[in-house]
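Okay, structure first, notes after.
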Amino acid sequence: MTNLQKTPEQTPARWTPDGGRDPLAGRHGAIGTSLPRIDGPLKVRGQARFAAEVPVDRLTYAALVTSTIARGVIATLDTAAAEAAPGVVLVMTHRNAPRMAPPAVIMTDPRAAGASSLPVMQDASIHWNGEPVAVVVAETQEQADHAASLVRVTYREEPASLSFEQAIAVGRHPDTVLGEPAVIETGDTETALSAAPHRIDRVYRTPRHSHSAIEPHAVTVWWENGDLVVHDATQMLHMTRYTIAGVFGIDEERIRIHSPYVGGGFGSKGPWSHHYLAIAAAKLAGRPVRLALSRADIFRVVGGRTTTEQRVALGARDDGTLTALVHAGTAAMTTHNNCPEQFTFPARHLYAADSIRVEQRVADIDMVANTFMRAPGESVGSFALECAIDEMAGELGLDPIEFRRRIEPETDPTSGRPFSSRHLVKAYADGAERFGWSRRAASPGALRNGDWLVGMGVATATYPYYRMPGGRVRITLSRDGRATVAVAAHEMGMGTATVHTQVLADRLGLSVDHVDFQHGDTALPAFTMAGGSSQTATLAAAAHEATAALLEELLRLAGNDSPLAGLTADEVEARDGGLGHRGARDRFESYASILGRAGRDAVGAEGESPMPTETQTFSMHSYGAQFCEVRVHAVTGEIRVSRFLGSFDCGRILNPGTAASQFRGGIIMGLGLALTEETQFDERNGRIMNPSLAEYHVPVHMDVPEIDVIFTDIPDPHAPLGARGIGEIGITGVGAAVANAVHNATGRRIRELPITLDKLL
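Whatever position you read off the sequence shown (first residue = 1), add 45 for the numbering used here.
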């Protein structure tokens with residue numbers, strides 16, 4: 046169940062770029078209601094076209110051939126049998142591929158953030174096991190797959206870096222960690238640690254994880270008189286267009302990307318090598334090409350979460366306050382990308398300590414480039430930090446929630462900035478009451494139900510607030526009282542179109558069925574990526590600017606013959622399909638009347654998300670408290686999560702229904718992180734050994750209990766609409782909550798994920 050009630054502490058949001066009054070402050074309309082997702086009916090009826098479902102004449106289908114070594118060069122490449130196979134249109138290799146520049150993904154150069162900056166199929170070199178070496182294009186997918194199996198390749202192998210342990214020994218500091226220093230230290234942590242009356246010093250390890258969204262990565266592409274049309278599954282429309290333009294040396298305006306529906310992204314749905322290969326193959330073949338990666342291809346060609354080794358050391362006084370906090374370690378990465386898995390971010394901002402040291406290193410491995418994966422570093426970093434916090438609570442003889450209360454900081458521990466809004470203690474208190482935390486056994490292994498040992502665990506969830514500058518929104522208001530909102534934003538199933546239909550309905554004083562939300566097309570005003578839980582805040586800020594500009598234009602059109610004559614923009618509000626005086630209900634004019642008298646069928650305005658100055662003043666984060674109950678079989682070691690509750694403090698909740706779905710989805714993904722998911726990497730040859738959903742285990746229905754979700758719903762006065770991000774935070778803290786519950790049930794500390802039954806026997 047979800048708690049949809051507002052708390053008495055709710056206050057109106059007041060954010061505006063210049064610190065003035067938000068026209069939606071204190072308003073209650075569509076925002077805050079659980080409007081069902083407007084794209085739901087289309088998806089249920091099968092009418093939502095995804096990238097691999099777009100019909101086009103003379104369509105061909107592509108299949109990949111991938112390398113079987115980790116580093117070296119192609120010695121021989123025999124494509125004759127494939128070229129002679131039935132239905133084959135083209136076999137493309139480095140020998141006949143068009144010349145393509147190295148990609149600069151997400152506008153980074155020379156090393157790509159989140160993908161790879163390597164040239165794609167331009168020479169015989171091999172950089173990881175699974176790199177594409179040939180593309181077969183045929184009349185049907187079956188013919189392409191068969192012909193791909195006929196391609197014969199031999200290699201000259203070269204020494205490769207494949208051992209994480211060996212790579213750690215020669216690791217290095219990355220240039221930055223998402224713009225922050227790789228090392229931060231306040232005080233002398235090691236001296237404080239050695240002098241502390243209570244201390245722990247532990248190492249935690251997390252494995253590789255692979256992306257397994259419901260919709261596989263896919264593109265359908267064709268060329269039209271030098272212009273390029275791409276139907277894609279992407280969460281970064283204009284960044285993908287920018288990257289493709291650079292690779293092929295064409296003007297961005299000659300590329301149009303359609304991506305109205307994305308069946309899950311979680312950080313991976315951006316430009317990868319299959320984009321460039323499909324586009325190049327379509328150029329050679331002179332026909333449309335569809336390249337939909339197989340499940341195995343996704344494991345080999347698209348990166349995921351990388352492996353980490355993390356040290357967390359804590360020093361505490363008898364009163365439960367911290368004298369020292371150390372969080373340091375290494376993540377695997379490649380030399381051709383820049384995604385250092387920011388696992389130290391939670392430790393930088395969560396807890397008060399006299400001295401803090403965080404340090405991140407990377408170890409270079411010859412593998413597919415790792416990339417963003419839901420809460421990229423925070424998910425695995427919170428596992429290590431929150432397990433260590435639980436261990437220290439045990440060392441001190443304190444309840445884990447009480448220990449966290451004692452180390453709650455007044456300001457950001459490393460930056461010193463004030464928090465914009467932080468109600469983590471309340472989230473813990475609300476969650477503890479609802480979950481029945483008081484029934485937890487203080488001593489591990491004390492609670493038993495037959496052969497099942499029962500335990501409870503908690504952990505803090507956290508994720509930074511991000512708002513991107515530059516995203517644009519265009520609003521067009523017609524005389525019939527309808528509004529069309531156009532923005533190249535992304536809908537990956539999280540409810541973007543629904544929530545912002547609600548937001549714009551309230552901003553314009555319209556009902557939601559009078560707002561049309563257009564998205565997922567580079568022909569619309571350019572927008573930023575959907576990532577880092579930033580899209581809602583960015584879109585809300587741009588919509589604020591657009592509606593302000595629209596209001597000014599409507600007042601100008603109203604003129605002196607209107608009941609609104611003489612009023613300034615600050616004195617009017619949108620309501621009931623028109624504009625009215627804030628303090629006088631009788632001073633009102635409908636949009637139809639304003640436009641009709643002006644002789645206009647429509648009026649429009651654009652707005653752009655301004656620079657996020659709020660993050661330069663405040664420390665801004667979403668928070669949560671994750672509560673888990675597990676049952677562990679005393680004989681077999683089988684683990685079952687029997688209950689879970691997430692209590693979140695993420696500012697104002699714009700749509701409780703879609704928000705609860707996002708929180709639950711993150712928690713389920715966290716259960717996979719905790720208990721089942723592991724990409725098995727063969728350190729002898731760099732091969733991924735379990736590239737299928739039969740062997741890479743994601744949680745299924747029987748693994749997931751009923752998940753309760755509650756939220757404080759207290760607006761953050763320094764965020765647009767008072768809302769902070771919710772998409773990524775749900776996964777954070779889950780791994781630690783499960784591990785801490787397992788310890789409470791069994792007395793066993795598992796410090797390496799996933800927590801499989803063999804580790805408990």
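Just so it is clear, CB atoms sit at the ideal spot from N, CA and C, and this is done for glycine as well.
Within 8 Å, strictly: CB atoms of residue i and residue j
i           : j           : result
residue 572 : residue 283 : yes
residue 127 : residue 196 : yes
residue 427 : residue 778 : yes
residue 334 : residue 326 : yes
residue 810 : residue 135 : Absent from the structure is residue 810, since the part of the chain shown begins at 46 and ends at 806.
residue 743 : residue 724 : no
residue 656 : residue 510 : no
residue 260 : residue 95  : yes
residue 332 : residue 103 : yes
residue 585 : residue 760 : no
DSSP bridge partner residues for residue i (one or two, in chain order)
i           : result
residue 408 : 377
residue 700 : None, per the DSSP bridge assignment.
residue 653 : 517
residue 254 : 350
residue 634 : 624
residue 672 : 503, 690
residue 173 : DSSP output for residue 173 lists no bridge partner at all.
residue 525 : Paired residue(s): none; residue 525 is not in a bridge.
residue 494 : 497
residue 324 : None; residue 324 has no bridge partner.
residue 137 : 180
Cβ-based neighbour list, residue i, same chain, cut-off 6 Å, excluding 5 preceding and 5 following
i           : result
residue 336 : 107, 264, 319, 323
residue 230 : 402
residue 435 : 445, 785
residue 480 : 672, 690
residue 51  : Unreliable placement is indicated for residue 51, whose pLDDT of 39 sits below 50; no coordinate value is reported for it.
residue 184 : 132
residue 676 : 497, 499, 685, 687
residue 47  : Note that residue 47 scores a pLDDT of 42, beneath 50, so its modelled location is shaky; the value from the coordinates is reported in the next line. These residues qualify, in order along the chain: 705, 754.
residue 734 : 725, 727
residue 602 : 639, 643
Same chain, Cβ closer than 8 Å to residue i, five either side skipped, listed in chain order
i           : result
residue 559 : 526, 527, 528, 550, 622
residue 291 : 146, 148, 149
residue 200 : 112, 113, 114, 117, 118, 119, 120, 171
residue 524 : 636, 637, 640, 641, 645, 646, 647
residue 462 : 456, 662, 663, 664
residue 795 : 784, 787, 788, 804, 805
Selected residue, minimal CA-CA separation from residue i, among the options
i           : options            : result
residue 620 : 130, 555, 493, 785 : 555
residue 472 : 83, 793, 755       : 755
residue 578 : 329, 707, 98       : 707
residue 354 : 100, 214, 447      : 214
residue 745 : 717, 523, 616      : 717
residue 76  : 544, 662, 394, 647 : 544
residue 383 : 368, 421, 591      : 421
residue 321 : 312, 109, 417, 502 : 109
residue 378 : 407, 398, 765      : 407
residue 243 : 269, 217, 361      : 361
residue 310 : 772, 800, 803, 607 : 772
residue 368 : 451, 267, 250, 614 : 451
residue 373 : 603, 387, 751, 380 : 387
residue 536 : 553, 575, 515      : 575
residue 298 : 307, 314, 275, 411 : 275
residue 507 : 160, 395, 654, 90  : 395
residue 236 : 399, 489, 312, 517 : 399
residue 375 : 346, 366, 397, 410 : 410
residue 417 : 329, 380, 255      : 255
residue 633 : 614, 643, 608      : 608
residue 448 : 339, 482, 492, 364 : 364
residue 80  : 546, 582, 793, 797 : 546
residue 122 : 179, 465, 328, 210 : 179
Close Cβ partners of residue i (< 7 Å) along its chain, the five nearest in sequence each way excluded
i           : result
residue 569 : 531, 532, 533, 563
residue 203 : 116, 117
residue 155 : For residue 155, the predicted model reports a pLDDT of 41, less than 50, meaning its position is unreliable and no value from the coordinates is stated.
Alpha helix (DSSP H) segments (min. 4 residues) lying fully within the stretch 431-487: 445-451, 469-480
Sequence ranges, alpha helix (DSSP H) only - wholly within the stretch 273-322, length at least 4: 282-293
Uninterrupted alpha helix (DSSP H) stretches inside the stretch 88-115 (no shorter than 4 residues): Segments of the alpha helix (DSSP H) lying fully in the stretch 88-115: there are none.
Segments assigned beta strand (DSSP E), at least 3 residues, entirely inside the stretch 526-590: Taking only runs of at least 3 residues, the beta strand (DSSP E) segments lying wholly in the stretch 526-590 are 528-531, 560-563.
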